[in-house]
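In the numbering used here, the protein residues as written are 98 to 215. What follows is a set of notes on a single structure, which appears directly below.
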């Protein structure tokens, strides 16, 4: 064997040692991250006990109310009314509670409003 082959053979050991050191460093970082996470978890407040859980109201579950609403009338005035003059504009229950429907054969919310199927 020549000296060149000996240098190449000897150089391969350094790479193996470098990979081993890198593996030990990675394992050390993983163990440190796990320890840090465990410490943070212990600092958190515990989960609520069954007595601290929310309860259903005495009159039963809350239901959704569906109703049609209509706005209150716009105040009439001879002066120009600006948005900040209006304040809160409320609403009230509409007199008719039936849902508005599209005309049969009308465009509805789709299309260009053309003649449709009429």
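Using N, Cα and C, we set each Cβ at its ideal position, and we do this for glycine too. For clarity, every value in this text was computed on a predicted model and none was experimentally measured.
Whose CA, out of the options, lies closest to the CA of residue i?
i	options	result
residue 172	166, 135, 184, 164	184
Assuming residue i and residue j are in contact, meaning their beta carbons sit under 8 Å apart, how far apart are those beta carbons, in whole angstroms?
i	j	result
residue 192	residue 168	Contact doesn't hold; Cβ gap of about 13 Å is too wide.
Determine the direct distance from the alpha carbon of residue j to that of residue i, and round the result to whole angstroms.
i	j	result
residue 131	residue 111	31 Å
residue 190	residue 151	32 Å
residue 182	residue 165	27 Å
residue 124	residue 117	11 Å
residue 161	residue 197	20 Å
residue 61	residue 128	Examination of residue 61 is not possible in this model, given that the chain is present from 98 through 215 alone.
residue 136	residue 186	54 Å
residue 195	residue 163	11 Å
residue 139	residue 145	15 Å
residue 148	residue 155	16 Å
residue 158	residue 134	40 Å
residue 113	residue 100	21 Å
residue 170	residue 142	52 Å
Looking at the secondary structure, which residues open and close the beta strand (DSSP E) in which residue i lies?
i	result
residue 168	166-168
residue 53	There is simply no residue 53 to check, as the chain begins at 98 and stops at 215 in what is shown.
residue 188	188-190
Could you give the residue range of the alpha helix (DSSP H) that holds residue i?
i	result
residue 144	Unbroken run through residue 144: none, as it is neither H nor E.
residue 183	180-183
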